[in-house]
Structures are given as C-alpha cells and as structure tokens.
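Report on the structure given below.
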Amino acid sequence: MWFRNNSLRRLSLNPLFLFSAEFRYSFAMSPSNHEPKPLCSLVNLIDPSVNLFFDLTANQAALAVGSGEVDQIRQIDGQYAVVHQTGPLVRMARTIARPMRYYFAKIGDDPNQVTQLVVAERIDEIRDYLTQHDAAGSFDPVDTRMVPAHYLLEVNLNDPTETSIRYERFLTPKRHCLPADLDTIGETYIRQLTSELDRWLDIVEPKEPIGVMFSGGIDSGSVFLLLNHLLHKRGDSLERLHAFTLSIDGEGSDAAQSKDFLEQLNLDSVLEIVSVPLDAIDYRKAIAAVEDYKPLDIQSATVGYAVCEAIRNRYPDWRWLIDGDGGDENLKDYPIEDNRGLTIQDVLENRMLYQEGWGIDALKHSKTYSGGQSRGHARTWAPGRLFGFSGLSPYALPNVIEIAEGIPFIELTQWDHRKLYALKGEVVRRGVKAVTGFDMPVYPKRRFQHGAASTASFSKIFPALDSDYRRAFTELHA
Numbered sequence: 021m022w023f024r025n026n027s028l029r030r031l032s033l034n035p036l037f038l039f040s041a042e043f044r045y046s047f048a049m050s051p052s053n054h055e056p057k058p059l060c061s062l063v064n065l066i067d068p069s070v071n072l073f074f075d076l077t078a079n080q081a082a083l084a085v086g087s088g089e090v091d092q093i094r095q096i097d098g099q100y101a102v103v104h105q106t107g108p109l110v111r112m113a114r115t116i117a118r119p120m121r122y123y124f125a126k127i128g129d130d131p132n133q134v135t136q137l138v139v140a141e142r143i144d145e146i147r148d149y150l151t152q153h154d155a156a157g158s159f160d161p162v163d164t165r166m167v168p169a170h171y172l173l174e175v176n177l178n179d180p181t182e183t184s185i186r187y188e189r190f191l192t193p194k195r196h197c198l199p200a201d202l203d204t205i206g207e208t209y210i211r212q213l214t215s216e217l218d219r220w221l222d223i224v225e226p227k228e229p230i231g232v233m234f235s236g237g238i239d240s241g242s243v244f245l246l247l248n249h250l251l252h253k254r255g256d257s258l259e260r261l262h263a264f265t266l267s268i269d270g271e272g273s274d275a276a277q278s279k280d281f282l283e284q285l286n287l288d289s290v291l292e293i294v295s296v297p298l299d300a301i302d303y304r305k306a307i308a309a310v311e312d313y314k315p316l317d318i319q320s321a322t323v324g325y326a327v328c329e330a331i332r333n334r335y336p337d338w339r340w341l342i343d344g345d346g347g348d349e350n351l352k353d354y355p356i357e358d359n360r361g362l363t364i365q366d367v368l369e370n371r372m373l374y375q376e377g378w379g380i381d382a383l384k385h386s387k388t389y390s391g392g393q394s395r396g397h398a399r400t401w402a403p404g405r406l407f408g409f410s411g412l413s414p415y416a417l418p419n420v421i422e423i424a425e426g427i428p429f430i431e432l433t434q435w436d437h438r439k440l441y442a443l444k445g446e447v448v449r450r451g452v453k454a455v456t457g458f459d460m461p462v463y464p465k466r467r468f469q470h471g472a473a474s475t476a477s478f479s480k481i482f483p484a485l486d487s488d489y490r491r492a493f494t495e496l497h498a
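Now the structure itself:
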C-alpha cells in the first residue's frame, strides 16, 4: 500500500492539496489575513491514547483524516477514533471497536444558536461537559449522534446542522472475489488476522501480559492460538498469555469447553477460570456502561462487565485484553430465524449487514447509535474501558473485514441456512491449521452470556421483557 511508505511526506507535500478548496480557504483566511472565527467551535473530548495505529504515528493518522480523502483514511491500519479540524471543517473517522459520537451544543445567551460541536466517546461525557457549563437542562441522549464506523464524517462549523454533514465511506471491500475453495479462503482470512495480531504485538511492551477473553469458541479460540503461535515465533515467553473464562456461581458450559479445548492442544496451563457469584451480576450496571438497551448486547455486556471487574480485582495492573468479537459478523454466523423479517437473501446480498446494519440512508438506521456491530460493539469495548483495560478486537479491523467480504457466500451456501452456519467453523479451522499447524477444536455455537451461566442462573440475572431493558436505560437519564 503506497501510504505506508513516506506517509507523512506524501500527505504534507501532495501537490493536489495546493489546488484544493481547503488550501485556498486556509491561505485566504490565515491569521495574517484576519481569519474569522467559525460560528461554532470544536470541543474534542476523545482520548487519543487508546487509539492503536500499527503502521503510522498518531499525527500521520490525524493528517490522513484531515485530508478529507477516503483513500488516505483507508490506509490507516489499526483500531481508532480520530478527530481533525482544518479551518471550519471538522472531520471524523473511526473503526468499529472505538465508539465516537457528537452533539451540537447550545451554550450561551441565545438558546437557539449552536455554539459548540462536542465530540466524545460516551453520552455521559457529553452530558457532564454540558453540566459544567450550565447547559444540560434540555439535554436528551437521543440528540447525540454516533459517527458510523467506516465513514468519513465532515462538519462545517459555519453551518452546524444535520443536513450539512457530509458522509463518505472509506471501507469499500470487493465482494465475493475469493475462489470458492475453503482451504484458500481459510488461509487467506486467517493469515490476514495473523498479520494484524503481529503488528499489534509490535506496539505492546515485550514482557507485558496479554489476556484473551476466552470461551473455547471459534473466535476466541483462533485468536488465542494465533497469539500463541506468534509469541513462539518471536521467542517470547508463552507465560505472557492468559485465557480468562467466566463462570457464574461455578456453573456455565464455557468453563468445561475451555478446559477441553486447551487440554486437547496441551495448552491448559494458561487457563484461568474467573468465578463470579450470581449476586454480583447486575444487568443495570452493563446498561450504564454501554449506554444502550438492546437485550442481546446488554446480556453480553453484563457478563463482560463481570469478568472485567473480576480480572481487575485479581490483577490491579493488567492492561491488555483481546477478544474475538466480530468473528460472527464477518462470517455471517447469526441465527437468521431469531430476527423477525430477516432473510438469508438480506444477509448475503447486503454488504457488511451485520457490521453496519442497513446503511446510513435506511429508515431502520439509528442516528443516535448507528447500526449492526458499529452500534453493538460497545458491549465489548465499554466494560473494558470502565475497568481501565486497553482492548483489541482483531476480527473487527477493516483489513480483516475486507477479506471476509470477499468470501463467495452465495456460491458456497446456495442460499442454505445450514451451510451458512457451518461455514465459519470450516473456514477458521482450516486457516488456523494452515498458519499454526494446530487442529483447532470446533464446538457448536453459543453466545457469551449463555456459556457463562446455567439456564437457571440466566433467568435470574436477566429480565424476560425487552421493555425492562429500555426502562432501565431511560431511568439513567431521568
């Protein structure tokens, strides 16, 4: 990729920039020429320290976003949320795993005049900022807006309105372009995942421990085995790697599955069962952390919250947690029958449906939350952030998603649900074998929240009605 070499030089000296409207504005309105202040100012509350850039500096990534050119943004390899301002133009871009939202704030004497564009990771950060400036009286979380993953979003501070915002996609994977050969698909997909993990290890301190949120499932299992493989290749101590598995009240199927997975490969010495009592589990804490109310995401976040809290109590200085979130979305491995009105045609014909939802122009799209995993990934990100962890979701990285979208799903499945559900295990198993030599065990699919607790405990933890989740969320901002 051309951007990876001499990235900063190319960005700063691109001759096309000299003829751009942005350059003409910045020259004509330079301080020496009495540059007028934009009608609205930017308040950037995004924490840049948790961005992960694998091949650029933070400044180079910011310049890429600031260029307004989606091909330059696409060359950023990593997990990030970036804000850049040039004159009156504020540009934002993010990957799935880092939330970023914005709000048009009216702070000042005129209650109808937008005076600040507030950008933050969370709703409560925006609310707290408004409270500090005595402007939270009319604040409604619904009025905040999530930057949709994989888009450049551009706001002109001289026209801070919804209708003036410019969106342009920076991830446009070519679909169905891989050969219909499972060995080739598996190796291509898993080699890309391995490459991303390898680059991530380059920016992790050499002796720093690495925790994998582990269930023995396909996604967490493959991530664990690839990390084990890479550490071995580097000559690093495998004792750095820990597999954390949650067990609520000593129950749940994941503990036994994780043990069986690792014992088959003679790697069980790294397994840590994290036992949490039932009375310590509270879905309302997860709703507050995630700032959402969708039942499946809140259930996942609830057990994620519990395991993150327990790990933090056990290891006060632990930093890195890595997970397999995104693997189901990439291989379209969700029960279609559980989603009323959804068809296999919808799943296979719509680009990145599970990652992004129905699209930013669709009636079903939520401006407050975006859609798909772009919305739902907070279930994984937010609990870890709350307890001070740095996280990585390698399956949700753009380079990995791009390979997954190239899989010829229609040709491989012939519109058959059962073939689709069996595909992920075959693809990942073959890829892991090709890259590491491990024969990875594959078990039936099970959601995180179902594997961490028994059926009886699950019914005690979570309400039966979807409306109960929404009610608990509403109470947070009453």
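For any residue, its number in the numbering used here is found by taking its place in the sequence shown, counting from 1, and adding 20. Every residue, glycine too, gets a C-beta built ideally from N, C-alpha and C. Bear in mind that the values here come from a model prediction, so they are computed numbers and not experimental data.
Cα-Cα separation between residue i and residue j, rounded to whole angstroms
i	j	result
N132	K126	7 Å
P355	S242	21 Å
M166	V63	16 Å
V160	N71	The sequence given here has Asp at residue 160, not Val. Taking the straight line joining both Cα atoms gives about 28 Å.
V452	D179	51 Å
R436	E182	Reading the sequence as shown, one finds Asp at residue 436 and not Arg. Near 41 Å, if we compare the C-alpha coordinates of E182 and D436.
D67	D302	28 Å
R186	R114	15 Å
M112	F244	32 Å
M120	V447	32 Å
G457	L173	43 Å
R332	S479	26 Å
S390	V110	19 Å
A200	Y441	16 Å
T7	E271	Since the first residue shown for the chain is 21 and the last is 498, residue 7 is missing from the structure and cannot be characterised.
H470	T135	47 Å
E267	A492	The sequence as given places Ser at residue 267; Glu does not occur at that position. Those two C-alpha atoms are separated by around 25 Å.
T204	L443	13 Å
L137	L150	11 Å
F15	P56	It is not possible to answer for residue 15, since the shown part of the chain is limited to 21 through 498.
V232	G157	42 Å
R142	T106	24 Å
T208	V455	10 Å
E89	M372	22 Å
D154	D148	10 Å
I293	N370	39 Å
DSSP three-state assignment for residue i, whether helix, strand or coil
i	result
T135	coil
V462	coil
R165	strand
T265	strand
T475	helix
S61	strand
H470	helix
F482	coil
H153	coil
H437	helix
A48	Low confidence applies here, because A48 scores a pLDDT of 35, under 50, leaving its location unreliable; read the following figure in that light. A48 falls in the helix class under three-state DSSP.
N176	strand
E188	strand
Y389	coil
L202	helix
G98	strand
A498	coil
T77	coil
F159	coil
L406	helix
Y354	coil
Proximity below 8 Å, CB of residue i to CB of residue j
i	j	result
D144	E329	no
I421	Q365	no
R118	A101	yes
Q99	L341	no
S278	T265	yes
A81	F73	yes
D269	S477	yes
S235	F468	yes
Y123	D163	yes
R450	G206	yes
Residue i: CB within 7 Å of a non-hydrogen atom of the ligand SAM
i	result
D299	The ligand content of the structure shown is nil, which means the ligand SAM is not present either.
**Message:** Below 8 Å, how does it come out for the stretch 481-489 and the stretch 237-252: are there three or more Cβ pairs, yes or no?
**Reply:** no
**Request:** Would you list, in sequence order, the uninterrupted alpha helix (DSSP H) runs of no fewer than 4 residues that lie entirely inside the stretch 204-262?
**Result:** 238-254
**Item:** Contact the stretch 392-400 vs the stretch 208-217: 3+ CB pairs below 8 Å
**Value:** no
**Prompt:** Do the stretch 254-269 and the stretch 221-230 touch if we need at least three Cβ pairs shorter than 8 Å?
**Reply:** yes
**Message:** Closer than 8 Å is the cut-off here; do at least three beta carbon pairs connect the stretch 342-356 with the stretch 274-291?
**Reply:** no
**Asked** Do the stretch 188-198 and the stretch 412-427 touch if we need at least three Cβ pairs shorter than 8 Å?
**Response** yes
**Asked** Any chance the stretch 489-496 sits against the stretch 291-309, with 3 or more Cβ pairs inside 8 Å?
**Response** yes
**Request:** Report the residue ranges of all beta strand (DSSP E) runs contained in full by the stretch 278-352; include only those spanning at least 3 residues, in chain order.
**Result:** 291-296, 340-342
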